[in-house]
Amino acid sequence: MKLRRPFLILLASLLAAAFGRAQPSHAGPMPDPAPIADASLRRAAYLARVEEALVWRAGLAKPDNPATLGLAEIAAKLSLRQDAAACSARLIELMKAPTGDMFWMFPVTIISHLGRDQLTQEAKQAIRAAWRNYMPLRGDTENHWAMYYTSLYLMAQLWPGEGGDRWFNGKSSQENFNEARDYLVHWMEITTTIGQGEYDCTHYIGEYAIPMLMLASWSADPAMRMRGHMMLDYVMADFAVDSLDGIYIGAHARTDDRTVLEKWNALSSFFGWLMLGNTVPQAAYGGWGVYFTAAARNYELPEVIYRIGTDRAGTYTHTERKRTRHRWRYSDERNPPVYKTSYVTADYAVGSDQGGQLQPIQQHSWDVTWSVPDPRGVHNTLFANQPYWSARDLMMYFTEKPDSMPGDVTFQGKPTYISEEKLLGGSPYEQIFQQDDAVVSLTDVPAGVTFQQVNGFFSKDLALIEEDASGWIFAQGGRAYIAYRPLAPYEWRPLEVGGKRLRSPHGKNGTIMQVAAAREFKSWDDFKAAIRALPLTIRLEPTPSVTFTTLRGKTLVCTFGTLPSVNGRTVDRAAWKLFAGPYLNAEVGSGMLTMTHGRLERVLDFNTLTITDRVK
Amino acid sequence: MSNLATKFSALLCALACAAGAHAGEVKHDLYLSVLMSGGGQVMGGRPPAKSGIYRSTDRATAEHIGFGHIRIFNVAPDPASPAGIYIAALDGVIHSPDRGATWRILTGWNMTEVKGLALDPNAPDHIYAGLPDGIGVSRDRGKTWARMNAGIRRSFTQTITVDRTQAGRVLAGTEQGIYLTEDGARTWRLVLPTTEVAYDVRQSPHDPKIFFAVTATSGALWSADAGRTWQTVAGIPKDRTLHNGVFDPRDAKRLALCGWEAGVQVSEDGGRTWTDRTAGLPSRKIWSIAADPDFPGRLYASPYQSAVYVSDDFGRAWKPAYFEKATVFNFSFVPRP
Chain A
282 MKLRRPFLIL LASLLAAAFG RAQPSHAGPM PDPAPIADAS LRRAAYLARV
332 EEALVWRAGL AKPDNPATLG LAEIAAKLSL RQDAAACSAR LIELMKAPTG
382 DMFWMFPVTI ISHLGRDQLT QEAKQAIRAA WRNYMPLRGD TENHWAMYYT
432 SLYLMAQLWP GEGGDRWFNG KSSQENFNEA RDYLVHWMEI TTTIGQGEYD
482 CTHYIGEYAI PMLMLASWSA DPAMRMRGHM MLDYVMADFA VDSLDGIYIG
532 AHARTDDRTV LEKWNALSSF FGWLMLGNTV PQAAYGGWGV YFTAAARNYE
582 LPEVIYRIGT DRAGTYTHTE RKRTRHRWRY SDERNPPVYK TSYVTADYAV
632 GSDQGGQLQP IQQHSWDVTW SVPDPRGVHN TLFANQPYWS ARDLMMYFTE
682 KPDSMPGDVT FQGKPTYISE EKLLGGSPYE QIFQQDDAVV SLTDVPAGVT
732 FQQVNGFFSK DLALIEEDAS GWIFAQGGRA YIAYRPLAPY EWRPLEVGGK
782 RLRSPHGKNG TIMQVAAARE FKSWDDFKAA IRALPLTIRL EPTPSVTFTT
832 LRGKTLVCTF GTLPSVNGRT VDRAAWKLFA GPYLNAEVGS GMLTMTHGRL
882 ERVLDFNTLT ITDRVK
Chain B
62 MSNLATKFSA LLCALACAAG AHAGEVKHDL YLSVLMSGGG QVMGGRPPAK
112 SGIYRSTDRA TAEHIGFGHI RIFNVAPDPA SPAGIYIAAL DGVIHSPDRG
162 ATWRILTGWN MTEVKGLALD PNAPDHIYAG LPDGIGVSRD RGKTWARMNA
212 GIRRSFTQTI TVDRTQAGRV LAGTEQGIYL TEDGARTWRL VLPTTEVAYD
262 VRQSPHDPKI FFAVTATSGA LWSADAGRTW QTVAGIPKDR TLHNGVFDPR
312 DAKRLALCGW EAGVQVSEDG GRTWTDRTAG LPSRKIWSIA ADPDFPGRLY
362 ASPYQSAVYV SDDFGRAWKP AYFEKATVFN FSFVPRP
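Residue numbers (our numbering), protein chains in the order written: chain A, 282 to 897; chain B, 62 to 398.
Shown next, in the form of structure tokens:
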């Protein structure tokens with residue numbers, strides 16, 4: 282059955298009307314997570330979700346209140362081919378006082394391209410004038426630059442042959458086009474050879490997916506169009522393989538204080554909903570989501586990625602190599618490698634990086650995320666971190682002067698940065714090793730460093746928490762049994778958001794976590810007995826060290842400052858591939874990614890700009 | 062691009078200017094590179110006030126020129142054109158040929174977050190840019206650029222100072238100290254190792270052999286042989302991040318420095334002794350400081366997220382002058398066209 286677009290719009294409109302201003306999928310029941318086998322039905326379902334988001338956003342604009350017609354509403358309306366005259370009139374007003382830098386550039390670029398055959402000449406001239414008179418800031422992060430240069434590339438393409446006097450930065454159309462192209466190609470090259478710097482971000486995934494979709498949609502150069510398409514595949518595959526029920530799991534370069542607890546509540550889940558159809562979208566479709574949907578009809582998620590995200594044959598281990606953000610100071614290496622491990626089952630996922638200060642802010646290094654029937658408002662995760670902050674470490678990644686920045690960032694959307702209670706952020710004094718669904722985190726915080734402690738997060742949504750005389754804390758989240766072993770004495774502190782914080786005020790410290798599926802044991806008591814029986818040796822002085830035999834029968838030896846070993850063999854992650862696992866594989870430096878699911882295979886080759894689909 | 066001017070009234074500076082009959086002819090415009098929106102401003106966010114460059118031609122008012130970026134770090138005069146200015150900014154090296162009416166970003170994507178910027182008065186086509194990952198050099202007034210930091214191990218570069226007596230002789234304040242080139246950046250050698258960033262290096266306007274530097278953790282330093290060797294300045298603590306160290310262009314014996322929790326320190330005997338002149342300022346967190354070349358004894362200080370203050374007696378008494386809540390990255394004096 283193939284649903285026609287007018288029908289989809291009508292359906293989405295009816296749903297929106299039925300729910301009033303509420304978002305149908307956001308407020309509605311959880312979708313059936315079963316994969317849709319039929320390609321045409323899968324495509325129809327995707328397009329219906331696209332229409333839903335567009336109709337909802339367009340409906341926020343009220344005819345009698347022009348202020349409600351903002352850039353997002355205009356993008357939605359133009360995508361739906363509605364109210365072009367009103368959009369044009371409003372754009373003329375909006376272009377008089379631009380603000381928002383790169384976050385202004387990409388919406389206006391989307392509107393300009395959607396509106397090529399809809400907007401009035403006056404509106405187009407207003408946009409043109411704004412790009413001469415308003416100098417957006419380029420920004421200082423990888424996501425800023427993706428938005429800035431993608432927008433500049435497409436607008437230079439839209440207005441070719443103009444001199445520098447017509448552009449905000451004094452450069453000609455050709456100069457802007459060339460510079461933007463060169464940066465974008467550079468970024469794609471380093472991402473596909475040594476990994477992304479802002480990797481696996483619960484929010485910023487959108488700031489990469491949207492620009493890549495823009496390139497895939499509107500680049501006149503077929504090479505750049507193909508690059509955009511391939512990079513969007515790349516970003517989505519990277520998400521799909523590290524997702525559980527459409528939720529981003531494991532370690533993230535950047536997340537935030539809310540999402541680190543309520544794992545679903547992130548823009549990434551909008552992509553889970555839109556692409557995989559197995560979760561519900563955030564409120565307002567994640568905000569930026571509407572801009573993706575405005576051009577989303579130009580993209581079709583390859584079936585192999587869809588199946589990686591929705592149709593797993595069983596438990597799998599997936600490893601990745603990424604890179605840190607640029608280190609400007611205090612490092613002889615610009616982008617040291619980040620090593621990630623994910624162990625994904627139908628019931629839970631355990632993910633981690635190697636620990637250390639890999640990002641200046643918002644890093645999340647390890648956790649378990651368990652599957653829940655409905656993730657809205659649920660804190661379906663458990664983890665620990667070593668709360669750490671330092672002006673010096675900020676200076677490693679930022680070019681600012683040192684003293685004001687730790688306080689400043691708490692007013693920049695990172696309110697817990699200097700807090701002892703914080704549950705977000707990495708530490709140079711934490712070292713992590715994951716084997717299957719066991720994690721050993723060791724901390725060795727030197728005397729004098731702020732916050733000599735470990736914080737463990739125990740969710741309000743844990744079904745069970747039991748402190749055992751053995752020293753283990755046993756917990757159950759969903760269908761996952763969790764054993765958590767603090768390595769030093771601790772106390773409990775309540776959390777305003779519910780649940781409680783395990784505060785272990787010792788610098789030489791650590792955590793062992795072993796997770797298993799409830800179905801693996803006859804009873805809760807059997808699980809606890811099995812954990813108690815695991816061989817375990819803990820030493821904290823002079824250096825934290827653990828020898829632990831996991832539920833999977835592997836003996837881990839982890840000592841802070843040295844490489845870990847498994848069953849006597851040293852694990853040297855320096856030899857890791859860019860991606861390795863049953864679904865994604867890539868060699869470091871290759872510029873290629875092989876995606877596999879069952880008999881399906883897709884190979885992205887950025888060297889030759891080819892996509893090769895194969896059925897084995 | 063259009064020139065949106067926003068005027069801020071001086072509170073008391075006008076009185077000071079009126080009283081400054083001893084100032085003589087005003088030969089420079091004052092440019093302030095300002096963050097107006099506080100520490101909470103994020104890139105891409107809606108700023109509550111317009112940051113960027115403010116210019117004061119009368120020392121009483123300051124008008125906004127150019128664009129409202131929150132990270133513009135410095136303004137440098139164009140030795141080849143009286144109406145020209147260069148700026149060091151997050152977006153690169155930017156030039157205006159007409160005092161801010163129009164702009165062109167000279168650098169490309171591979172040069173960002175420019176903190177230090179200097180032009181060689183003996184080779185006016187040569188521009189040096191201090192980058193977080195090296196030193197950018199142009200020999201054609203910004204048309205083309207090359208990264209030239211051979212010999213610098215950790216190349217985070219905060220400040221660039223060109224020796225006005227010799228073409229191609231440049232000092233760079235970097236993460237690990239001060240480096241010197243005498244061949245136009247082809248080769249660099251470390252002349253002063255430091256444990257943290259050297260944030261400011263200045264050449265005396267009175268004696269070109271004398272240089273003055275301030276650092277993050279190595280205190281203040283002095284060179285009497287054109288930057289070849291350096292001595293620690295006594296009386297300046299090393300436990301505070303020092304941001305600026307300046308000469309008074311009107312008095313060879315006067316210097317001032319500032320920093321985070323370091324307040325304002327002044328010397329009136331050529332750097333031998335120092336006096337704390339922070340009293341009258343709202344905090345000891347002083348982001349930047351400057352001595353006015355046209356008004357004897359006049360100092361400007363920018364306490365963090367505060368009004369800009371002015372003193373006409375070299376720091377004995379301070380009065381608010383510009384803005385209500387600002388952080389000035391740098392004060393620059395540009396000769397009037």
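Ideal Cβ placement from N, Cα and C applies to all residues, glycine included. Being a predicted model, the structure only gives us computed values, none of them experimental.
>> Give me the subset of the region 511-530 of chain A whose CB atoms are less than 8 Å from a CB atom of chain B, sorted by chain position.
In response: The region 511-530 of chain A vs chain B, Cβ under 8 Å: nothing.
> What does B/D109 reach in chain A if we use C-beta pairs closer than 8 Å?
Replying inline: It should be noted that the sequence gives Pro, not Asp, for residue 109 of chain B. Chain A residues near B/P109: none, gap ~11 Å exceeds 8 Å.
> Using 8 Å as the limit for Cβ to Cβ distance, is B/V103 near chain A?
Replying inline: At least one CB of chain A lies nearer than 8 Å to the CB of B/V103.
> Under 8 Å between the Cβ atoms of B/G177 and B/Q219?
Replying inline: In this structure, B/Q219 lies closer than 8 Å to B/G177 by Cβ.
>> Cutting at 6 Å between CB atoms, please list the residues of its own chain near A/A577, excluding the five before and the five after it.
In response: Only residues of its own chain outside the window of five on either side were considered, and among them V331 have a CB closer than 6 Å to the CB of A/A577, listed in chain order.
> Leaving out five residues before and five after B/G320 in sequence, what residues of the same chain have Cβ atoms less than 6 Å from its Cβ?
Replying inline: These residues qualify, in order along the chain: R301, T302, L303, H304.
> Residues in the region 164-187 of chain B with C-beta within 9 Å of chain A's C-beta atoms, listed in sequence order?
Replying inline: Considering only beta carbons, the part of the region 164-187 of chain B lying closer than 9 Å to chain A consists of W164, R165, I166, L167, G169, W170, N171, T173, E174, K176, in chain order.
>> According to DSSP, A/F738 sits in a beta bridge with which residue or residues?
In response: According to DSSP, A/F738 bridges with A/F664, A/R782.
> Can the beta-carbon of A/G531 be found less than 8 Å from the beta-carbon of A/S623?
Replying inline: In contact: A/G531 and A/S623 (Cβ atoms closer than 8 Å).
> Who are the Cβ neighbours of A/S550 in its own chain at under 7 Å, not counting the five residues just before and after it?
Replying inline: For A/S550, the CB contacts under 7 Å within the same chain, skipping 5 residues up- and downstream, are G527, I528, T560, P562, Q563 in chain order.
>> On the DSSP bridge list, what partners appear for A/Q716?
In response: DSSP output for A/Q716 lists A/A719 as bridge partner(s).
> Do three or more CB pairs link the region 532-544 of chain A to the region 445-453 of chain A at distances below 8 Å?
Replying inline: No, because fewer than three Cβ pairs between the region 532-544 of chain A and the region 445-453 of chain A fall closer than 8 Å, the two stretches do not touch.
> If you measure from the CB of B/P193, is any heavy atom of the ligand ADP nearer than 7 Å?
Replying inline: In the structure shown, the ligand ADP is absent, as is every other ligand, since no ligand is present at all.
>> Pull the bridge partners of A/E748 from the DSSP assignment, please.
In response: Note: A/E748 sits in a beta bridge opposite A/I754.
> Would B/A162 count as contacting chain A if we go by Cβ distances under 8 Å?
Replying inline: Not closer than 8 Å to any Cβ of chain A, the Cβ of B/A162 fails to qualify, so no.
> Is the number of C-beta pairs between the region 477-495 of chain A and the region 595-612 of chain A that are closer than 8 Å three or more?
Replying inline: Touching, yes.
> Quick one: which chain A residues come within Cβ less than 9 Å of B/H304?
Replying inline: Those are K682, listed as they occur along chain A.
> B/T242 lies in the beta strand (DSSP E); which residues open and close that run?
Replying inline: Its beta strand (DSSP E) spans residues 238-242.
> Does any residue of chain A bring its CB to less than 8 Å from the CB of B/G376?
Replying inline: When Cβ-Cβ separations below 8 Å define contact, B/G376 makes no contact with chain A.
> Just how far apart, CA to CA, sit B/V369 and B/L151?
Replying inline: Distance between the alpha carbons of B/V369 and B/L151 is about 22 Å.
> Taking DSSP as the reference, what is the three-state secondary structure of A/W651?
Replying inline: A/W651: strand per DSSP, three-state reduction.
> To the nearest whole angstrom, what separates the beta carbons of A/G737 and A/Y765, a pair I think is in contact under 8 Å?
Replying inline: That belief holds up - the Cβ atoms of A/G737 and A/Y765 are roughly 7 Å apart, short of 8 Å.
> Can you give, in chain order, each stretch of the beta strand (DSSP E) that sits fully within the region 668-716 of chain A and has at least 3 residues?
Replying inline: Counting whole runs of 3 or more residues, the region 668-716 of chain A contains the beta strand (DSSP E) stretches 711-716.
>> Which complete alpha helix (DSSP H) runs does the region 523-562 of chain A hold, if anything under 4 residues is left out?
In response: Entirely contained in the region 523-562 of chain A, the alpha helix (DSSP H) runs reaching 4 residues are, in chain order, 548-552.
>> My assumption, with CB atoms under 8 Å, is that B/D330 sits in contact with B/H89. Please give the rounded CB distance.
In response: A Cβ-Cβ separation of about 26 Å leaves B/D330 out of contact with B/H89 under the 8 Å criterion.
> Is the number of C-beta pairs between the region 384-393 of chain A and the region 330-350 of chain A that are closer than 8 Å three or more?
Replying inline: Two segments are said to touch when three or more pairs of C-beta atoms, one from each, lie closer than 8 Å; by this definition the region 384-393 of chain A does not touch the region 330-350 of chain A.
> Between which two residues does the alpha helix (DSSP H) carrying A/M495 extend?
Replying inline: Run containing A/M495: 486-499, per the alpha helix (DSSP H) assignment.
> Based on Cα-Cα distance, which residue from A/M876, A/E868, A/I746 lies nearest to A/D519?
Replying inline: The shortest Cα separation from A/D519 among A/M876, A/E868, A/I746 belongs to A/M876.
> Which residues mark the beginning and the end of the alpha helix (DSSP H) in which A/I408 is found?
Replying inline: Counting along the chain, the alpha helix (DSSP H) containing A/I408 begins and ends at 402-414.
> For the beta strand (DSSP E) that contains A/K858, what are its first and last residues?
Replying inline: Taken as a continuous stretch (DSSP letters only), A/K858 belongs to no beta strand (DSSP E), as it is neither H nor E.
>> With a threshold of 8 Å between beta carbons, is B/G234 in contact with chain A?
In response: No, no contact with chain A.
>> Quick check: what's the CA-CA separation for B/T67 versus A/L783?
In response: Residue placement at B/T67 is poorly supported in this model, since its pLDDT is 37, which falls under 50; the coordinates still yield a value, given next. Distance from the CA of B/T67 to the CA of A/L783, rounded to the nearest whole angstrom, comes to 52 Å.
> Could you give the uninterrupted runs of the beta strand (DSSP E) lying entirely in the region 87-123 of chain B, keeping only those of 3 residues or more?
Replying inline: Runs of the beta strand (DSSP E) inside the region 87-123 of chain B: 89-96, 113-117.
>> I'd like the span of the beta strand (DSSP E) that includes B/E385, first residue to last.
In response: Here the beta strand (DSSP E) through B/E385 covers 380-396.
>> Would A/L525 and A/V625 qualify as a contact pair, given that the criterion is a beta-carbon distance under 8 Å?
In response: Going by C-beta atoms, A/L525 is nearer than 8 Å to A/V625.
>> In chain order, what are the residue ranges of uninterrupted beta strand (DSSP E) at least 3 long that sit wholly in the region 248-315 of chain B?
In response: Within the region 248-315 of chain B, the runs of beta strand (DSSP E) at least 3 residues long that lie entirely inside it are, in chain order, 250-254, 259-264, 272-276, 281-284, 303-309.
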